[in-house]
Amino acid sequence: MVVCDYCRTVVARGDRAVEDLGKVAALIDTGSPLRRDLPGRYGGVGFRIVGRTQMRHQAGGVWDEWYAAFDDGRWGWLAEAAGKFYVTFSTAAASLPPFDVISVGGRLGDLVVTEVGTASVISGEGEIPWRVEPGSAYDYADLSGPQGKFATIDYSEAQPLFFGGRETTLRELGIVGEPLQGRTQKIKTERLTCSNCGGPLNLVAPDQAQRIICPNCGGVHDIEEGNLKYLEALKQKGPAPRIPLGSKGMIEGDEYVVAGFMQRSVNLDQRYFWTEYLLFNPQKGYRWLVESDHHWSWVWPVNAGDIQDADPRGSVRTVQYDGRTYRIFGDATARVEYVLGEFYWRVERGEKVRAIDYTAPPFGLSKEITGDTEINYSHGRYMKAEELEKAFNVKGLPRPSTIGMMQPYTGGSPFRSWLVLMALLLVLAIFLAVTRSRHEVLDSTFDFSIPQAATSTSGDWDTSSKSENSRVIFTTPFTLKGGRNLEIVGTANVQNSWMYVAGDIGDETSSGLLQPFDLPIEYYEGYDSGEHWTEGSRTQRVFLSAMPAGTYTMRLEGQWDAKSSPAPVHLVVREGVFRWSHFIWAFILITLPALWIGMKRIAFENSRWQESQFTPMGTVREGSSDSDSDDSSNDEE
Amino acid sequence: MRKLYTLFGLLVLLGYGYVDWRGIELTPSHRRFVPQGLRSAGHSGYRSFWYSGFHGGK
């Protein structure tokens, strides 16, 4: 079928003859960067656009479907909707569900049904593979799959037709430069005025806009067939946009213009409000800036097929996207309270969608379910007010005082550092234990009860002590290597008694260095009400700092309980002893701050989840029921 | 915060390594030196300084 460019007569090429099918309506200028005869490439195969049909969405929007002849003999469709481009090819598919069975959220293989609706044909041009009948309506279902897969089921014929393909970009289609300039010029030259107040309506994306709300008087206009149609003046009050409409800002290397602004709310224990800014970039399409409690997020649409969502029509505890797990944070009916500027759909005050939010800071995922007809997923990242101020050259954006849904914890996670430090501590301890290996320098038993001259093993006796229960002994000289700590262990077999050894290690001949130490040995035991008890220990040890290398003597002054005779004291002196207490102290010093940081993070997360309808485990928090869900025509459950 | 913590942890490791390598005990001790004059001037010769009022600081 061909539409004559001059008289708009539709001519069908049948098997026998050419058939005149009458005339079609004029095309609506959608400002599309695509046009007939435009060449391009897709998947390495060249194509040329040969015709188009123009369709109207049941909600009023208009979109083009361009028919393209590919160099490999295939015929495909390029569709443009809401700033996105799709390439599809007619594909054989077995057992397609009938239209009265298919529903949003349903699955067809790895595809998810994201929209079901009815489109009507407006017009066409050039070469089209089917009969254009202006005003005729047909049902369709759009499906989204992983990695940008896209498909449409066309119910215009007795047997549904399946068109499979994927989402693409103009750049991928090899369409750059001149076609885009046409769109830009149109934006620049479009200057409309409000039918109600005469104020300017500076359109950002006139080819995409479906509804414009005058920022001066609230006058609502629809764009129908390229003409501005005044509907009503909204008597609404709302907040002024912190970033004015028409503002331009660079985000992630692309320039966006603020096209629209809306305030929405949910009604839980009270009504909570937030604002959303609709931004447009000719190549990227639409994006959102969302402000809630002075927390900002940068939001963009994602394909439903890329989300691992066990229940696309409802809410589940977690969903997966791009390798991350997102936990449910909110599930409520969102209501539009206030709108300004232009939108790519016919937005209305009071419009409701079921909004389900998931979080994986600094990212978030949002699912909006519009009745039985549409599911949209969008992905966002947390934005600091400073980043926005810089991007849009605005000042004084208020700073948040609460913890936001997507707000990342900037304290960092100490766990990995702790693990590394623990590993280093272990290696260091092993190194010290191996290289500073211990050795004994003295191992002797001293009997303080014998007031006689020194034996060869225990050293010299001093007989000058006057006390009956106190005597002094000098050990034989021993050698220290130096640079290593000392451990002195004293053991005495005392029983319900005590033995006190006050010692000095001294370098008598050279430096005169004296290192004192004490070994208070006491051991008591008995029975109390039939219970055996003990107190003290028969062994005491003391650690001393390293002494310089040299020959030393030990002076030991033994004191004992006057009621009993002194127990012999077995004394062992070791040099280079591994100090577990030092290791434990290092462990504690490294671990305590990590615990403190971890506790801070837990407190941070607790504050975040206090703002949620759900607990971090995904259970519903008390008092967080959605009060708008009952009167929402969109709610399914 | 994480960097600060890592730095702190490394300082702890450095301190631990230094203390253990040098054989340092963290509990205070009263190490003293017996003056040379006292060691050689005892009335009863060798080790007499122990009993002339010098008891290792105790």
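If you read the sequences in order, they're chains R and V. The numbering of the first sequence is the numbering used here, which starts it at 1302 and goes up by one. The numbering of the second sequence is the numbering used here, which starts it at 17 and goes up by one. Heads up, the beta-carbon is just placed ideally off N, CA and C, and yes, glycines get one too. Quick caveat: nothing in here was measured; it's all calculated off a predicted structure.
For the candidate residues the options, whose alpha-carbon lies nearest to that of residue i?
{"i": "R1636/R", "options": "N1907/R, R1472/R, D1365/R and R1655/R", "result": "R1655/R"}
{"i": "P1447/R", "options": "Y1587/R, S1593/R and T1415/R", "result": "T1415/R"}
{"i": "S1926/R", "options": "D1570/R, L1893/R, R1902/R and V1505/R", "result": "D1570/R"}
{"i": "S1738/R", "options": "T1792/R, Q1584/R, K1782/R and P1399/R", "result": "K1782/R"}
{"i": "E1426/R", "options": "F1747/R, W1646/R and C1308/R", "result": "C1308/R"}
{"i": "N1770/R", "options": "G1899/R, D1321/R, V1802/R and L1579/R", "result": "V1802/R"}
{"i": "I1731/R", "options": "G1449/R, T1310/R, F1879/R and P1334/R", "result": "F1879/R"}
{"i": "V1422/R", "options": "S1798/R, T1920/R and V1325/R", "result": "V1325/R"}
{"i": "D1330/R", "options": "Q1511/R, T1392/R, V1388/R and I1350/R", "result": "Q1511/R"}
{"i": "Y1824/R", "options": "S1838/R, V1728/R and F1386/R", "result": "S1838/R"}
{"i": "K1450/R", "options": "L1339/R, R1565/R, I1608/R and P1430/R", "result": "I1608/R"}
{"i": "L1432/R", "options": "E1906/R, Y1710/R, I1806/R and T1354/R", "result": "It is Arg, not Leu, that sits at residue 1432/R in the sequence shown. For the residues E1906/R, Y1710/R, I1806/R and T1354/R, the minimum Cα distance to R1432/R belongs to T1354/R."}
{"i": "N1907/R", "options": "I1891/R, G1804/R and Y1710/R", "result": "Y1710/R"}
{"i": "A1611/R", "options": "P1602/R, P1542/R, N1797/R and D1411/R", "result": "D1411/R"}
{"i": "Y1456/R", "options": "L1474/R, L1397/R and S1445/R", "result": "L1397/R"}
{"i": "G1347/R", "options": "R1337/R, D1372/R and A1887/R", "result": "D1372/R"}
{"i": "Y1441/R", "options": "L1462/R, E1428/R and Q1708/R", "result": "L1462/R"}
{"i": "L1641/R", "options": "G1631/R, N1517/R and G1406/R", "result": "N1517/R"}
{"i": "T1854/R", "options": "A1863/R, D1862/R, S1811/R and G1827/R", "result": "S1811/R"}
{"i": "I1704/R", "options": "C1495/R, D1594/R and I1898/R", "result": "D1594/R"}
{"i": "D1401/R", "options": "W1886/R, T1674/R and H1883/R", "result": "T1674/R"}
{"i": "G1471/R", "options": "T1389/R, W1599/R, P1583/R and G1672/R", "result": "As written in the sequence, residue 1471/R is Leu, which differs from the Gly given in the question. Among T1389/R, W1599/R, P1583/R and G1672/R, the Cα nearest to that of L1471/R is on P1583/R."}
{"i": "T1776/R", "options": "R1785/R, A1793/R and D1808/R", "result": "D1808/R"}
Starting from residue i and walking both ways along the alpha helix (DSSP H), at which residues does that stretch end?
{"i": "K1691/R", "result": "A1686 to F1693"}
{"i": "W1897/R", "result": "W1881 to Q1911"}
{"i": "S1718/R", "result": "F1716 to T1736"}
{"i": "D36/V", "result": "R18 to R38"}
Could you work out which residues of chain V lie near residue i, taking near to mean beta carbons separated by less than 9 Å?
{"i": "F1844/R", "result": "E41 and T43"}
{"i": "A1506/R", "result": "In chain order: nothing, as chain V lies at least about 43 Å away."}
{"i": "R1737/R", "result": "D36, W37 and G39"}
{"i": "L1641/R", "result": "Near L1641/R there are no residues of chain V at all, since even the closest Cβ is about 41 Å away, more than 9 Å."}
{"i": "L1733/R", "result": "Y32, G33, D36 and W37"}
{"i": "L1729/R", "result": "L29, Y32, G33 and D36"}
List the endpoints of the continuous beta strand (DSSP E) containing residue i.
{"i": "E1832/R", "result": "E1832 to S1838"}
{"i": "I1774/R", "result": "S1771 to F1775"}
{"i": "N1786/R", "result": "Segment: none, N1786/R is in no beta strand (DSSP E) and carries neither H nor E."}
{"i": "M1706/R", "result": "Careful: M1706/R lies outside any beta strand (DSSP E) and carries neither H nor E."}
{"i": "G1341/R", "result": "P1340 to Y1343"}
{"i": "T1626/R", "result": "R1625 to F1644"}
{"i": "H46/V", "result": "Careful: H46/V lies outside any beta strand (DSSP E) and carries neither H nor E."}
{"i": "A1442/R", "result": "A1438 to S1445"}
{"i": "T1711/R", "result": "Segment: none, T1711/R is in no beta strand (DSSP E) and carries neither H nor E."}
{"i": "G1246/R", "result": "Residue 1246/R cannot be examined here, being either before or after the span of chain R that is shown, 1302 to 1938."}
{"i": "W1861/R", "result": "G1851 to W1861"}
{"i": "L1412/R", "result": "L1412 to E1428"}
{"i": "Q1621/R", "result": "T1619 to Y1622"}
{"i": "G1561/R", "result": "D1555 to N1568"}
Taking C-beta pairs closer than 7 Å, name the residues in chain V that residue i reaches, listed in chain order.
{"i": "Q1816/R", "result": "S45 and R47"}
{"i": "I1891/R", "result": "G25 and V28"}
{"i": "L1725/R", "result": "L29"}
{"i": "R1880/R", "result": "D36"}
{"i": "L1820/R", "result": "The premise fails here: L1820/R is roughly 13 Å from chain V at the closest Cβ pair, so nothing lies under 7 Å."}
{"i": "L1743/R", "result": "In chain order: nothing, as chain V lies at least about 17 Å away."}
{"i": "L1471/R", "result": "Going along chain V, no residue has its Cβ under 7 Å from L1471/R, so there is no contact; the nearest lies around 42 Å."}
Can you round the beta-carbon distance between residue i and residue j to whole angstroms, since I take them to be within the 8 Å contact cut?
{"i": "M1260/R", "j": "R1909/R", "result": "This structure does not reach residue 1260/R, given that chain R is present from 1302 up to 1938, and the question cannot be answered."}
{"i": "D1744/R", "j": "V1870/R", "result": "Going by Cβ atoms, the distance from D1744/R to V1870/R rounds to 12 Å, so no, they are not a contact pair."}
{"i": "S1865/R", "j": "S1798/R", "result": "5 Å"}
{"i": "K1536/R", "j": "G1550/R", "result": "About 31 Å separates the two Cβ atoms, so there is no contact after all."}
{"i": "Y1387/R", "j": "P1430/R", "result": "Their Cβ separation, rounded to whole angstroms, is 17 Å, which puts Y1387/R and P1430/R out of contact at 8 Å."}
{"i": "Q1914/R", "j": "A1633/R", "result": "7 Å"}
{"i": "L1335/R", "j": "E1381/R", "result": "7 Å"}
{"i": "S1445/R", "j": "V1417/R", "result": "That pair is no contact at about 13 Å."}
Identify the contact partners of residue i in chain R, using a Cβ-Cβ distance below 7 Å as the criterion.
{"i": "Y21/V", "result": "P1715, S1718, P1894, A1895 and I1898"}
Run down chain V in chain order and give the residues with a C-beta less than 8 Å from the C-beta of residue i.
{"i": "G1712/R", "result": "M17 and R18"}
{"i": "G1784/R", "result": "R38 and G39"}
{"i": "L1872/R", "result": "Neighbours of L1872/R on chain V: none; closest Cβ ~16 Å, over 8 Å."}
{"i": "H1883/R", "result": "Y32, V35, D36 and L42"}
{"i": "A1904/R", "result": "Near A1904/R there are no residues of chain V at all, since even the closest Cβ is about 14 Å away, more than 8 Å."}
Comparing the CB of residue i with every heavy atom of the ligand ZN, is any distance shorter than 6 Å?
{"i": "F1371/R", "result": "For the structure depicted, the ligand ZN is absent and the ligand set is empty, with no information on it obtainable."}
Original post:
What residues in the segment 1529-1544 of chain R have a beta carbon less than 9 Å from any beta carbon of chain V?
Top reply: Of all residues in the segment 1529-1544 of chain R, none has a Cβ within less than 9 Å of some Cβ in chain V.
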